[in-house]
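These notes are about the structure you will find just below.
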Amino acid sequence: MTTDKSLKIYNSLNHEIEEFTPVSGNKVFMYVCGPTVYDYMHIGHMKTYIFYDVLARYLSYKGYSVYFLMNITDVDDKIINRSIDRKALYLLKDTDMRLEELAEKLGLGVEYARERVIELIKSGLVELADTQDLRRELIELEKKLSLVDDEIEERKLEEQYEALKDSITPNRVLRISENGKKIIDEIISRGSKLDPIGIAKEFEEYFREDMKKLGITTINVYARASEFIEEIISVAKKLEEEGYAYDTPNALYFNSSKFKDYGKLSGVDPDREYRVHRIELDPNKKNDADWALWRKIKKGHPREPCWDSPWGVGRPGWHIEDTTIILRLLGSQIDIHGGAKELMFPHHEAEIAQAEAYTKIKPWVKFWVHTDVLTVNGKKMSKSLGNYISVRDALKVFDPEVLRYWVLLTKYRHRMDLKLPFEPDLLNPIKPEHLLETPIKQAEQGLERIYNVIRYASFMPKDDEQDDETRKLGESLEYMKKEFLEALDDDLDTPRAIATLHEFATIFFKYCKDRGKLNKKIAEEIVKVFRELGSILNILQKEVMKLSDERMRDLVDLIVDIRDKLRKRGEYSLADEIRERLRSLGIILEDTAKETRWYVSRESPS
Ligand SMILES: [Zn+2]
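Just so you know, the sequence shown maps onto residues 267 to 872 in my numbering.
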């Protein structure tokens, strides 16, 4: 198959838009940094992964043979901390306990255990037995800290924050909250594990389910870090032997000063930037920006999971996990490396240094492609700000295709902001129904509008007449297709591509209104082109059907009425099931405070 070379894409490595050509021939080796599996996927991750899915689809559409690899970070402190949290809730489930006692049972030092307990208090899962004020104080201080821009004020707040933390002395008695009890009961009843490996497996499963629902299906292989430990050790060993890494009591560090291009990708000064990114401080480091290839287990810190290595028992660092997986599965040079922009420093810089020091081949990655973040009311999404929304929650109110379409209305390199009508925080977090008051709702209508093109083209009365209007409509269709593909060639400008569909829709609806009938041939052509272009974005692929029968509408009213009665009786799980099943039929229910409204989304059978 011949490949069309007209795709231009922004290469972060050279800071400019370049014509895309693979390292060799027609094959494209593409890697994207995958999730750390300790929680549900959120809609920020969704933005990133949908984009790379579209990129892979477009490369295939253009005739390239794409091999798309994504890693799964299943060895990470965040997963280990999630495990400690679950174990702490399990231990506190039936009895109150002093912090010191809890730490001992968890096999942790008091300091480490305290940090976890603070997180649990903030999330409202654990409280101090003698006061419930601490949670509010911690949250309010954190909120102030996130807003402050005066340095002196910031230091003052930080001191207050530390004092609050220190008030949790080893003797303070901890108690599980009602909510905490509910959560741990749920965890136990669904058979979820408490250990890090079990947790990683569980969230990987959820992640892959969500990816599938969102139509992100272009990834050929998912690779788990835990299955590459031996290879990671061998890469780290070679880096040490060649003088790029050095051993210390805490870790084997990569010496960033040995790699002269360090910082080239992000354009930052690593020695200054490390402060912003809170890279661990360690007096044994030669440079502050050095990072751990292998971390040894510290006293009082969690032990599991761990592996033996030439430097002692420990765990690999995150950066070397990804680099090793790529070297091992894709070879020493790849075409595209993707990930969110916030990973550029230090993660991607470290990856380049490790790989190029290891192979001596430059450039390791031909195209670095970065997506910009999704913010909520201008702020980065984060659990501790209460502005976090999981894909699962978003899917409770929107069809996955609507979410895809909404994401693609913003260019991948641009920041996308989800505007909410209120300012969420941990005490007043986002709920799925709040999303109905955001631009996602308008996106739903936009998607409907282009589905209507397919719907009209399928169900309008037809004729065989070749008139001037029909010829012009044919030209508009051809022009639209050309413009659509040109927009994608221009650094994957999906919003512009989608706009061309709408421009055609306007012309088409006018044609239908003026003429009353559709030329049969052009109708078929329109459906074909919309399906074809839609397939690149993985939208517009559902079957359309009619639901105009009056009795059908009465029937839906009846089901919605019965569901309302179930909800009033508190039978939520059955009510949810009805909503889900109606949705799979393309009938969307919206629960408002007063009533339940419904409308037909996609008139599709499944
Ligand atoms: Zn990575």
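C-beta atoms are modelled at their ideal positions from N, C-alpha and C, and glycine is treated no differently.
Cβ neighbour criterion (16 or more within 10 Å) applied to residue i
| i | result |
| --- | --- |
| Pro690 | buried |
| Asp342 | buried |
| Arg863 | exposed |
| Glu869 | Caution is warranted here: a pLDDT of 45 is assigned to Glu869, below 50, making its placement in the model unreliable, and the coordinate value is therefore given only provisionally. With 16 or more other Cβ atoms within 10 Å, it is buried. |
| Asp823 | exposed |
| Glu587 | buried |
| Arg352 | buried |
| Ile828 | exposed |
| Gly329 | exposed |
| Thr676 | buried |
| Asn277 | buried |
| Met818 | exposed |
Any non-hydrogen atom of ligand 1 closer than 6 Å to residue i Cβ
| i | result |
| --- | --- |
| Asp588 | yes |
| Cys299 | yes |
Under 7 Å between C-beta atoms of residue i and residue j
| i | j | result |
| --- | --- | --- |
| Ile854 | Tyr865 | yes |
| Asn553 | Ser598 | no |
| Arg364 | Asn437 | yes |
| Ile462 | Ile618 | According to the sequence displayed, residue 462 carries Pro and not Ile. Against a cut-off of 7 Å, the Cβ pair of Ile618 and Pro462 comes out as no contact. |
| Val289 | Ile338 | no |
| Asp556 | Asn516 | no |
| Gly604 | Tyr318 | yes |
| Lys359 | Ile450 | yes |
| Ala489 | Val439 | no |
| Lys551 | Tyr510 | no |
| Asp214 | Lys632 | This structure leaves residue 214 out entirely; the chain is present only between 267 and 872. |
| Trp630 | Ala616 | no |
| Ser742 | Phe770 | yes |
| Ser443 | Gly390 | yes |
| Phe525 | Pro301 | no |
| Leu423 | Lys410 | yes |
| Glu699 | Val668 | no |
| Thr483 | Ala322 | no |
| Arg441 | Asp362 | yes |
| Ile788 | Gly740 | yes |
| Leu355 | Gly446 | yes |
| Thr704 | Leu684 | yes |
| Leu279 | Trp634 | yes |
| Ala841 | Leu851 | no |
| Ile499 | Ser412 | no |
Cβ shell of residue i (< 8 Å), same chain only, five flanking positions each side left out
| i | result |
| --- | --- |
| Glu508 | Ala623 |
Own chain, CB closer than 7 Å to residue i, minus 5 neighbours either side, in chain order
| i | result |
| --- | --- |
| Arg762 | Ala753 |
| Ile387 | Glu393, Leu400, Arg401 and Leu404 |
| Ile563 | Arg569, Cys572, Val579 and Gly580 |
| Val376 | Leu365, Glu366, Ala369 and Pro436 |
Rounded distance between the beta-carbons of residue j and residue i, thought under 8 Å
| i | j | result |
| --- | --- | --- |
| Ile283 | Lys274 | 5 Å |
| Asp340 | Glu470 | 7 Å |
| Arg670 | Ile316 | 6 Å |
| Asp638 | Arg679 | 6 Å |
| Ala873 | Trp560 | Given that the chain is displayed from residue 267 to residue 872, the structure contains no residue 873 and the question cannot be resolved. |
| Phe611 | Ser492 | Not quite, the Cβ-Cβ distance comes to about 26 Å (not below 8 Å), so this is no contact. |
| Gly583 | Ala558 | 4 Å |
| Asn653 | Val642 | 4 Å |
| Val579 | Leu335 | About 29 Å; that fails the 8 Å criterion. |
| Asn785 | Asp734 | Going by Cβ atoms, the distance from Asn785 to Asp734 rounds to 11 Å, so no, they are not a contact pair. |
| Leu651 | Glu856 | Their Cβ separation, rounded to whole angstroms, is 27 Å, which puts Leu651 and Glu856 out of contact at 8 Å. |
| Leu713 | Thr760 | Rounded, the Cβ-Cβ distance is 13 Å, inconsistent with contact. |
| Ile655 | Ile696 | 5 Å |
Residue i: CB within 6 Å of a non-hydrogen atom of ligand 3
| i | result |
| --- | --- |
| Val795 | Of the ligands this structure carries, namely ligand 1, none is ligand 3. |
Own chain residues within Cβ distance below 6 Å of residue i, not counting five before or after
| i | result |
| --- | --- |
| Arg246 | Examination of residue 246 is not possible in this model, given that the chain is present from 267 through 872 alone. |
| Asp476 | Met307 and Val657 |
| Pro871 | Because Pro871 sits at a pLDDT of 34, beneath the cut-off of 50, its placement in the model cannot be relied upon, and the point is left open. |
| Ile592 | Tyr297 |
| Phe286 | Leu273 and Ile275 |
| Arg721 | Val810 |
| Arg534 | The residue asked about is misnamed: residue 534 is Val in this sequence, not Arg. Taken in chain order, the residues that qualify are Phe611. |
| Glu497 | Thr590 and Arg594 |
| Phe494 | Thr590 and Ile591 |
| Leu799 | Phe750 |
| Arg348 | Tyr304 and Ile465 |
| Thr314 | Ala606 and Thr637 |
| Tyr333 | Phe295 and Asn486 |
| Ser724 | Val810 |
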